[in-house]
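Engineer: For the record, the sequence lines run as chains A and B.
Counting in the working numbering, the final residue of the first sequence is number 818, and the numbers go up one at a time with none missing.
Counting in the working numbering, the final residue of the second sequence is number 818, and the numbers go up one at a time with none missing.
One structure is given below, represented as structure tokens, and several questions about it will come after.
2 protein chains.
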Amino acid sequence: MTSVADRTTDEQLTEALARPSDDEIAQLDAWWRANNYLTIGQIYLKANPLLRRALEPDDIKPRLLGHWGTSPGLSLIYAHVSRLIRRTGQEAIYLAGPGHGGPALVAAGYLEGTYSDIYPAVSQDTDGLLRLFRQFSSPGGIPSHVSVTTPGSIHEGGELGYVLVHAFGSVMDNPDLLTIAVVGDGEAETGPLEGSWKGISFINPTHDGAVLPILHLNDAKIAGPTVLGRKDPAEVRSLFEGHGYEVLEVGGDDLPGMHHRFAATLAEAWGKIRAIQRSARDGGWNGRRPHWPLIVLRSPKGWTGPDQVDGVQVTGTWRSHQVPLSGVRDNPEHLAILERWMRSYRPEELFDAAGAPVALVRGLAPDGHLRMSASPHANGGLLTRALDLPDFRDYAVEVKKPGGAHAESTRRLGELLRDVYRDNPDRFRLFCPDETNSNRLGAVFEASDRAFMERVTDADVAIGRDGRVMEVLSEHNCHGWLEGYNLTGRHGMFATYEAFAMVSASQTVQHGKWLQEAKRLPWRAKVPSLNVLLTSTAWRNDHNGFSHQGPGLIQVVLTQRGDVARVYLPPDANTLLSVADHCLRSRSYINLIVIDKQPQLQWLSIEEAAAHCAEGAGIWDWAGTDDGATDPDIVLACAGDIVTMETVAAAQILRERLPKLKVRVVNVVDLMTLPRPKDHPHGMSPTRFTELFTDRVDVVFAFHGYPGAIHQLVHGRPDVDRFRVRGFIEEGTTTTPFDMTVRNRASRYHLVMDAINNAARLPRGATELKAWCEQKLAEHETYVVEHLEDLPEIRNWTL
Amino acid sequence: MTSVADRTTDEQLTEALARPSDDEIAQLDAWWRANNYLTIGQIYLKANPLLRRALEPDDIKPRLLGHWGTSPGLSLIYAHVSRLIRRTGQEAIYLAGPGHGGPALVAAGYLEGTYSDIYPAVSQDTDGLLRLFRQFSSPGGIPSHVSVTTPGSIHEGGELGYVLVHAFGSVMDNPDLLTIAVVGDGEAETGPLEGSWKGISFINPTHDGAVLPILHLNDAKIAGPTVLGRKDPAEVRSLFEGHGYEVLEVGGDDLPGMHHRFAATLAEAWGKIRAIQRSARDGGWNGRRPHWPLIVLRSPKGWTGPDQVDGVQVTGTWRSHQVPLSGVRDNPEHLAILERWMRSYRPEELFDAAGAPVALVRGLAPDGHLRMSASPHANGGLLTRALDLPDFRDYAVEVKKPGGAHAESTRRLGELLRDVYRDNPDRFRLFCPDETNSNRLGAVFEASDRAFMERVTDADVAIGRDGRVMEVLSEHNCHGWLEGYNLTGRHGMFATYEAFAMVSASQTVQHGKWLQEAKRLPWRAKVPSLNVLLTSTAWRNDHNGFSHQGPGLIQVVLTQRGDVARVYLPPDANTLLSVADHCLRSRSYINLIVIDKQPQLQWLSIEEAAAHCAEGAGIWDWAGTDDGATDPDIVLACAGDIVTMETVAAAQILRERLPKLKVRVVNVVDLMTLPRPKDHPHGMSPTRFTELFTDRVDVVFAFHGYPGAIHQLVHGRPDVDRFRVRGFIEEGTTTTPFDMTVRNRASRYHLVMDAINNAARLPRGATELKAWCEQKLAEHETYVVEHLEDLPEIRNWTL
């Protein structure tokens, strides 16, 4: 619980904020004009940055890119929040949902001096201005939208929909932080965004910070009107009151009237937030979900831009979304409009002779790290403290011999996570769509309830105001909250169904892109990794049926670059514990961990597991019969818990029935050991690859995911034609766990037959064994067909 | 415009509906009891289906699966809608958002007789009852949730979030249809669902049918309470009024009171829908978006189930979500509770001596195709009429020689689609997140405006009440609407950004699973294919930057089975026209078409294009230098527009500078020709594969997507080690189009060097040519680095 200023101070500050002096208005307006000027400069100019002479066609960029429409609104808000920070000392960050208004946010960082600190070539002088303008959306430059390169941002302005999930994630366990989240009315149409307003139902005013959403309605998106922009304002108000907010509305285009009204509205919002937090933190909270303020800001799209062009209305319409004036180089009239437009901001008042922002403009910026563009919360690696982790060995399953124990592997992980919660009450959270118990992670509830700010009843279990386990039936919220939590420097895990992990696949992709780009920027400190745990897997959704059977997320993560993507397939509890420990310590990766939650055979002692995971892949001597031979007759490889069991079972059948066949069993925990080192940093050396897989013996590879993944991973290894991969081939239904392996041709019997079909040398008895396997499979078919008639116990599934 | 009954008739019907007679109540209640009984039977029983003797442990299934909690609510609604249909003749279908309540919907189809019609073994007698119970969630049986096997459904109850998008899609251009869409309060937490309430902002009461959403609040999901279930009811009302609905609330658990109240509420909703439609269709509409009714139904979770078990409250809590009584075989007390519970429905009144539903129960069902389980709208292939398609050759770009024309390929497709709109005003729609013009498909606006029911202003262009082009900034809505439109038998296309197609990737996966399963059911008629067009591609988002650069959806579609998945990469306008024509005629596939919207070189005349597309892949003699040699020195293969241009350019460089090298150029339009015929029905024969790629010569393959895709596709073809694939390797930024190919090592110069490095035979001059390529790439690097300094025109990108 963080202390907040006393009520009197807050109320005095709120009142002062609500009534800016004439000097303050002048400063706000100067900063805003400077920002708008720089925004337009980025879109249009490659020379003559301060219009110290008349604009000429050659001053104009050859290709005009960027988004003007949303920018003046974004910068107006930025200016006013900056003033708020200066007056109150409030820590704040700024997330731009309409991040395509990138130039406004870049300009803000530039005016605050942060941009030049980070990128010295973009200095606060005429040369720097030129570079600022030229780099924008240009080859070798920066993207047109808010991106990893933008100081102060934890939110890419590309794919829309995630500004509120990032915002809510950023303030969890961050009691002093206020995150300003601007939501555009275009983005507001997306499903993920609409599903994220409910974040306040999970935010605790005592130990969490606050999100101030500002819904910026400017009526239009790229090519037409928006639903919220064109709805009756009473409906808009009703909608957000329904979401639980106190709606504050402000709108217009008159100046300085809008400055006065927006300042008053922002002050009111801040005052309400402080009052909510003060009440909660002073013990005066009635326990009801606060009605957090939300601002609806209505201002014209492209505000202060050219009203009409060629007789057509531009400002206030979708025509100002991107570049409101086209063909400026060739159209003298457009060139003249641009010059008038830019001069309307009176740049001569805003920049000094050297080209630097004048003191009035610079003076709006808060000090040091309070500048939103310099906030360490938006460069969360700076604030990251390693987790206080227990020894994962303490949660081990005792495994005296391979297959000698049976356990729900994720239950042990749950116990580990419970103690991570206990020992890190300020920097670890688990995010899960309503399945923590189902995933056997329920031990965490011994350390923390679920967070919930709506009504709680006496009958509820493990749920309450102080809870920090995050359950909401939305993969988008879970994933996005964790991203926001990670990017502001804290640790976590997202656990979900394997098939439904595809719901948020695009978030996984986009977060990976962010992490990859961040690694190229020395000023971006590494952040905790995004840990994704898939525990209800394709192979064990036999009871739920085909729609629940899909290992697609592995395939998605495999498309990402080696500097961010990791995929782990621990075959049992002890390997899972070792992998989880590794992932919780790692930074700036996407760690995908796949293991089922059902009771399963256990293979390795904890020390064996740790050694196996350190290698990432290894020979399981005890399972094979090759006795260290350089070249066995066949290699049985496996990655994934179910297929590992089938592989060990196949090897056992071969040992018993074809003892002279030299069989090697290789288990792969870290999938990224398979590619060549030049394709992934985890890729094992050629020597090691040959040690495991030889360079000529056929390999029967049983894989948890789609077989094609292995084919692509081993590309470039010696003689890849010899890899025969069994995996999930989209054969699913409601059936038995074992039948899932039969339908997908990855059962122990299929693997034995594959081994016989591909072995380098066949001992006597191979033909008979193949016939025996076919017989077994035929019996299985009969069993399945007859199943409905007698409905016996599901056959036990053992070695 | 469809006629609707006159006002007097409607009002009389509404009044009659609102006041069910005692006999009607008795019938509703009997049907509901029968349904609940069958639901519980499916979850628990494998014998003694009608409790004609005392329940014994051996009557109980060995594994208890299924979801009771939502089921009584689902069946209550079903009963009342059935009565409405019988009384009014309304055509209706029923989509169960909480489709995990599968047994209730299966039981409904069974009570209506449809189930036995389709699956004769599940007959309306004791044997059939036994099979009905045993098949449920059992190996060899049916999934636990509403699935493809459930008659009357177009909506899988697995992955949550899409019930409203399917519902709204089903009623577009379907003026006589009423779709009942039950939304569970768990599903209501997902982003896609929250983003789909706005469907009414796009539904025209004249030419579209109506969706009646019924938000079923039972307070809990699998393991805890729901946000909407625990919100202040005033907030819930406010939320949906904000979305634009007229909210009708009904709740409680008293009987027959709930029957009376629900009947009255449903009648009121129906009356309002008819009034809205009548007003619109009679010309009395004021043009404002109607306030369509929405019912909020509050009933206890697991209603009519065991109140408490082992002293713990079950009904009304999350504990009744799945199986409220566990361990029934071994716990005599639980067995007794189950028997009391099942007998509470008085099965002896509901089923006759043979085990068939009695006349009172059967009598609730509407006649024939009006039964919701038998509606042809839910088996849309029955209603599908082929599109009236123009000759795609009429839209051709004139290409006198390869590379002899330059055009925006998708613009021609837009012209074709315009005429498809014009000639099929009742059965074709384009769905696009606000980018129809940006995608160069704007010609469609000559035939139809965008649909929009919110306020339209004089300044708006191509938008209005009668519009049928669907633009909403939500991939989830676009994708899901099209699915609903397809599954009810109509045709369409979804056009979106390539990178952001991943937003709805999970919908693509789930729809593919639906189509695949449907093909196994003879009674499911084939439906129009889901056509997905990606037009702002990874390679040409040079200006937008890395977050917009990702060819992930190809990878996702490749994981689907060959019986549903198709991927087309037309290299120019004429091949695009031929591919589009093929896709618009096809049935029950997912057709993914990838081609950029920017001006590009054109290669093939329309007849050449048609021939090339018919083969799916072929040798481009004019581009190569092998003159029909059996084995050239190198094969340059390509799939995708940009990489095709680079490949042709590389071949040209080789022809000019290394004329003695025998180079073959192969272009692949239909990616699925690459796998073996046993892996995909489009897979080319071994002979044809060898004709194109030889069986020994190295292949340099330039691919639009991730290189690994080609490695997995050619698996099993002769000597796959010889394939060197260049493709998108997650190297992106804001740059020039050509630099995108350089960064990803797929530029013409890289391809030339690859050719030289891998050719079977090297003519004199090869070393010099490699050095020349390296020089070209070095110049390019310098050019990019210096670019910010001079910012010249972007270099033209030509052959």
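We put the CB at the ideal spot given by N, CA and C, even for glycine.
Evaluate Ala515 of chain A with the Cβ neighbour count: other Cβ atoms within 10 Å of its Cβ, from every protein chain shown; 16 or more gives buried, anything less gives exposed.
Structural biologist: What sits at residue 515 of chain A in the sequence shown is Thr, not Ala. Buried, because 16 or more other Cβ atoms sit within 10 Å of the Cβ of Thr515 of chain A.
Engineer: If you pair each beta-carbon of the segment 258-269 of chain A with each one of the segment 246-263 of chain B, do three or more pairs fall below 8 Å?
Structural biologist: yes
Engineer: Quick check on Thr817 of chain A - is its C-beta less than 8 Å from some C-beta in chain B?
Structural biologist: Residue placement at Thr817 of chain A is flagged as unreliable, the pLDDT there being 49, under the threshold of 50; a coordinate-derived value is accordingly withheld.
Engineer: For chain A, check one thing: does any of its Cβ atoms lie closer than 8 Å to the Cβ of Gly84 of chain B?
Structural biologist: It is Leu, not Gly, that sits at residue 84 of chain B in the sequence shown. Chain A, which has a Cβ nearer than 8 Å to the Cβ of Leu84 of chain B, makes this yes.
Engineer: Can you name the residues that DSSP bridges to Gln332 of chain A?
Structural biologist: A:Gln327
Engineer: Pull out every residue of the segment 551-581 of chain B whose Cβ sits closer than 8 Å to any Cβ of chain A, in chain order.
Structural biologist: Asp561, His562, Asn563, Gly564, Phe565, Ser566, His567, Gly569, Gly571, Gln574, Val575, Leu577, Thr578, Gln579, Arg580
Engineer: Which residues in chain A sit within 7 Å of Arg469 of chain B, going by Cβ to Cβ distance?
Structural biologist: Gly243
Engineer: Between which residues of its own chain and Glu536 of chain A is the CB-CB distance below 6 Å, once the five residues before and five after are set aside?
Structural biologist: Val167
Engineer: Keeping to the same chain, check which residues put their C-beta closer than 7 Å to that of Ala629 of chain B; ignore five residues upstream and five downstream.
Structural biologist: Ser597
Engineer: Contact check, Lys545 of chain B vs Arg606 of chain B under 8 Å by CB: the rounded distance?
Structural biologist: 4 Å
Engineer: Could you tell me whether any Cβ in chain B is nearer than 8 Å to the Cβ of His495 of chain A?
Structural biologist: Chain B, which has a Cβ nearer than 8 Å to the Cβ of His495 of chain A, makes this yes.
Engineer: Check whether the Cβ atoms of His799 of chain B and Val761 of chain B lie closer than 8 Å to each other.
Structural biologist: yes
Engineer: How should Trp542 of chain B be labelled, buried or exposed, when 16 other C-beta atoms within 10 angstroms of its C-beta is the threshold for buried?
Structural biologist: exposed
Engineer: Please state the DSSP three-state secondary structure of Ser428 of chain A.
Structural biologist: helix
Engineer: Nearest-angstrom Cα distance between Glu110 of chain B and Thr198 of chain B?
Structural biologist: 9 Å
Engineer: Going by CA-CA distance only, name the one from B:Pro325, B:Pro162, B:Gly118 that's closest to Asp204 of chain B.
Structural biologist: B:Gly118
Engineer: How about Val418 of chain A: is its C-beta nearer than 8 Å to some C-beta of chain B?
Structural biologist: no
Engineer: Do you know whose CA, among B:Ile653, B:Arg446, B:Thr133, lies nearest Lys679 of chain B's CA?
Structural biologist: B:Ile653
Engineer: Starting from the beta carbon of Ile161 of chain A, find every residue of chain B whose beta carbon is closer than 7 Å, and list them in chain order.
Structural biologist: Thr753
Engineer: Considering Met512 of chain B, what are the terminal residues of the beta strand (DSSP E) in which it resides?
Structural biologist: 510-516
Engineer: Within 8 Å of any Cβ in chain A, is that where the Cβ of Asn456 of chain B sits?
Structural biologist: yes
Engineer: Within 10 Å of its beta-carbon, does Asp786 of chain B have 16 or more other beta-carbons around it, so buried, or fewer, so exposed?
Structural biologist: Reading off the sequence shown, one finds Thr at residue 786 of chain B, where the question assumed Asp. Its Cβ having fewer than 16 others within 10 Å, Thr786 of chain B is exposed.
Engineer: In chain A, what lies closer than 7 Å to His498 of chain B by C-beta?
Structural biologist: Chain A residues near His498 of chain B: none, gap ~10 Å exceeds 7 Å.
Engineer: Whether or not the segment 64-76 of chain B and the segment 314-330 of chain B are in contact is what I'm after, with contact meaning three or more pairs of Cβ atoms, one per stretch, closer than 8 Å; do they touch?
Structural biologist: no
Engineer: What's the gap between the Cα of Asp29 of chain B and the Cα of Ser40 of chain B?
Structural biologist: 19 Å
Engineer: Am I right that Arg745 of chain B and Ala765 of chain B are in contact with their C-beta atoms under 8 Å? What's the rounded C-beta distance?
Structural biologist: Rounded, the Cβ-Cβ distance is 4 Å, consistent with contact.
Engineer: In chain order, which beta strand (DSSP E) runs of at least 3 residues are fully inside the segment 624-653 of chain A?
Structural biologist: 636-638
Engineer: On the DSSP letters alone, give me the boundaries of the alpha helix (DSSP H) that Asn563 of chain A sits inside.
Structural biologist: Segment: none, Asn563 of chain A is in no alpha helix (DSSP H) and carries neither H nor E.
Engineer: Considering only the beta carbon of each residue, do Asp479 of chain A and Gly564 of chain B sit closer than 8 Å?
Structural biologist: no
Engineer: Which term fits Val269 of chain B, buried or exposed, when burial requires 16 or more other beta carbons within 10 angstroms of its beta carbon?
Structural biologist: buried
Engineer: Three or more beta-carbon pairs under 8 Å between the segment 130-146 of chain A and the segment 78-93 of chain A, yes or no?
Structural biologist: With a cut-off of 8 Å on Cβ pairs, the segment 130-146 of chain A is not in contact with the segment 78-93 of chain A, counting fewer than three such pairs.
Engineer: Give me the residue from B:Leu572, B:Asp442, B:Arg469 with the minimum Cα distance to Glu454 of chain B.
Structural biologist: That would be B:Arg469, whose Cα lies nearest to the Cα of Glu454 of chain B.
Engineer: Out of B:Asp227, B:Ala186, B:Phe411, B:Gln154, which has the shortest C-alpha to C-alpha gap to Leu212 of chain B?
Structural biologist: Taking Leu212 of chain B as reference, the option from B:Asp227, B:Ala186, B:Phe411, B:Gln154 with the minimal CA-CA separation is B:Ala186.
Engineer: With H, G and I counted as helix, E and B as strand and the rest as coil, what does DSSP make of Pro252 of chain A?
Structural biologist: Here Pro252 of chain A sits in helix by DSSP.
Engineer: In three-state terms, what does DSSP make of Asn610 of chain B?
Structural biologist: strand
Engineer: Give the C-beta separation of Val347 of chain B and His353 of chain B to the nearest angstrom, bearing in mind that I take them to be a contact with Cβ-Cβ under 8 Å.
Structural biologist: 5 Å
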